[in-house]
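Visitor:
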Amino acid sequence: MDTLLLLKAAILGVVEGLTEFLPISSTGHLIVVGSLLDFNDERGKLFEIVIQSAAILAVMWEYRAKIASVVVGLPREQAARRFVLNVFIAFLPLALIGLLFGKHIKEVLFNPITVATTSIIGAVFILWAEKRQHTVRVDTVDDLSWKDALKVGFAQALALIPGTSRSGATIIGGLFFGLSRRAATEFTFFLAMPTLIGATLYQLYKERALLSSDDLGMWASGFIASFISAFLCVRWL
Numbered sequence: 220m221d222t223l224l225l226l227k228a229a230i231l232g233v234v235e236g237l238t239e240f241l242p243i244s245s246t247g248h249l250i251v252v253g254s255l256l257d258f259n260d261e262r263g264k265l266f267e268i269v270i271q272s273a274a275i276l277a278v279m280w281e282y283r284a285k286i287a288s289v290v291v292g293l294p295r296e297q298a299a300r301r302f303v304l305n306v307f308i309a310f311l312p313l314a315l316i317g318l319l320f321g322k323h324i325k326e327v328l329f330n331p332i333t334v335a336t337t338s339i340i341g342a343v344f345i346l347w348a349e350k351r352q353h354t355v356r357v358d359t360v361d362d363l364s365w366k367d368a369l370k371v372g373f374a375q376a377l378a379l380i381p382g383t384s385r386s387g388a389t390i391i392g393g394l395f396f397g398l399s400r401r402a403a404t405e406f407t408f409f410l411a412m413p414t415l416i417g418a419t420l421y422q423l424y425k426e427r428a429l430l431s432s433d434d435l436g437m438w439a440s441g442f443i444a445s446f447i448s449a450f451l452c453v454r455w456l
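Take 220 as the starting number for the sequence shown in the numbering used here and just add one per residue.
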């Protein structure tokens, strides 16, 4: 395996891990860095799935205690059932809109100009959200109502626009809808699990023809780099 290719894979893994859960577009950064590294052949689609799955596993590992608590409590605890229901409700808008219009959105909007424009707009909204005074109604993720979850879900659906950060949209949306910073951030992480798992499995099925054992080294390099950087990012946040 080419050492330079392994290094490129590791760099892209770090980019994915750091940007997936920060309020900046991971897709936009992968496009830019991938272009700079001349890493843009057809294998890139499958590689992106691999490093995205590593980021998912990192956040699941960080919140393993909460996940275990919810799973164990499902049969007998109303709070656990409400939490799972809220995550499912928040997941629906992006899933449904993506299935119905995702292909058309990519065909029309997936270009450098759109990515650059939405990235700039996103940065402006982040600055606005940081300075804006907002009333906190929801202190923790356990306090969310299904209506709050649905609102955050529609905010997440904005990430279907290329260059829009999924985590940025949900965190800013959460703050705007009255969630505390902690609640908005944590719910974003939990919402990432079904969202990214669903997207990963769907894309993996679509790109299954690209699977090759010759690329295992490249996948491993990117996967490890993405997992470590995503874990450190989530821990820091």
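We treat Cβ as the ideally placed atom computed from N, Cα and C, and that holds for glycine.
In whole angstroms, what is the alpha-carbon distance linking residue 394 and residue 313?
Guide: Cα to Cα, residue 394 sits roughly 19 Å from residue 313.
Visitor: Can you list, in chain order, the residues of its chain whose CB lies under 8 Å from that of residue 264, leaving out five sequence neighbours each side?
Guide: Closer than 8 Å at the Cβ level, and outside the excluded window around residue 264, lie 422, 426, 429.
Visitor: Fully enclosed by the region 245-281, which alpha helix (DSSP H) runs are 4 residues long or longer?
Guide: Complete alpha helix (DSSP H) runs here, min 4: 245-255, 262-281.
Visitor: Spatial neighbours of residue 408 within its chain, please: C-beta separation below 6 Å, excluding the five flanking residues on both sides.
Guide: Cβ within range, chain order: 278.
Visitor: Per DSSP, residue 226 forms a beta bridge with which residues?
Guide: DSSP output for residue 226 lists no bridge partner at all.
Visitor: Looking only at C-alpha atoms, which of 366, 440, 382 sits nearest to residue 357?
Guide: Selected option, being the one with the closest Cα: 366.
Visitor: Given a threshold of 16 other Cβ atoms within 10 Å of its Cβ, counted over all protein chains shown, does residue 370 qualify as buried or as exposed?
Guide: The residue in question, residue 370, is buried, as its Cβ has 16 or more Cβ neighbours within 10 Å.
Visitor: For residue 254, count the other beta carbons within 10 Å of its own beta carbon; 16 or more makes it buried, fewer makes it exposed. Which is it?
Guide: Classification for residue 254: exposed.
Visitor: List in chain order: all unbroken alpha helix (DSSP H) runs of 4+ residues lying wholly within the region 347-388.
Guide: For the region 347-388, whole alpha helix (DSSP H) runs of length 4 or above, ordered along the chain, are 365-376.
Visitor: Tell me which residue opens and which closes the alpha helix (DSSP H) that residue 242 is part of.
Guide: Where residue 242 is concerned, there is no enclosing alpha helix (DSSP H), given that its DSSP letter is neither H nor E.
Visitor: In this structure, what does DSSP give as the bridge partners for residue 398?
Guide: Its beta-bridge partners are 357.
Visitor: By Cβ distance, which residues of its chain are closer than 7 Å to residue 376, with the 5 residues on each side in sequence left out?
Guide: If we look at residue 376 and ignore the five residues flanking it on each side, its Cβ neighbours are 312, 313, 316.
Visitor: Alpha helix (DSSP H) containing residue 435: first to last residue?
Guide: First-last of the alpha helix (DSSP H) with residue 435: 435-455.
Visitor: With 16 other CB atoms within 10 Å as the buried threshold, where does residue 349 fall?
Guide: Under this definition residue 349 is an exposed residue.
Visitor: By the 10 Å Cβ neighbour count, where 16 or more other Cβ atoms means buried, how is residue 325 classified, buried or exposed?
Guide: By the neighbour-count rule (16 or more Cβ atoms within 10 Å), residue 325 is not buried but exposed.
Visitor: Taking just the CA atoms, how far does residue 432 sit from residue 345?
Guide: Distance between the alpha carbons of residue 345 and residue 432 is about 42 Å.
Visitor: In the structure shown, what three-state DSSP assignment does residue 295 receive?
Guide: Residue 295 falls in the coil class under three-state DSSP.
Visitor: Compute the beta-carbon to beta-carbon distance between residue 293 and residue 303, rounded to the nearest angstrom, for a pair I have assumed lies under 8 Å.
Guide: 7 Å between Cβ atoms; contact.
Visitor: Should the region 373-387 be called in touch with the region 326-342, which here means at least 3 C-beta pairs below 8 Å?
Guide: Yes: at least three Cβ pairs fall under 8 Å.
Visitor: Identify, in the order they occur along the chain, each residue of the same chain with its Cβ nearer than 7 Å to the Cβ of residue 361, setting aside the five sequence neighbours on each side.
Guide: Once the five neighbours on either side are set aside, the close Cβ partners of residue 361 are 298, 302.
Visitor: Return the CA-CA distance between residue 542 and residue 439, expressed in angstroms with no decimal places.
Guide: Outside the modelled stretch of the chain, which goes from 220 to 456, sits residue 542, for which no answer is possible.
Visitor: Take the Cβ of residue 242 as the centre, count every other Cβ of all protein chains shown within 10 Å, and call the residue buried at 16 or more, exposed below.
Guide: It is buried - the Cβ of residue 242 has at least 16 other Cβ atoms within 10 Å.
Visitor: Quick check: the Cα distance between residue 248 and residue 449, rounded to an integer number of angstroms?
Guide: Taking the straight line joining both Cα atoms gives about 15 Å.
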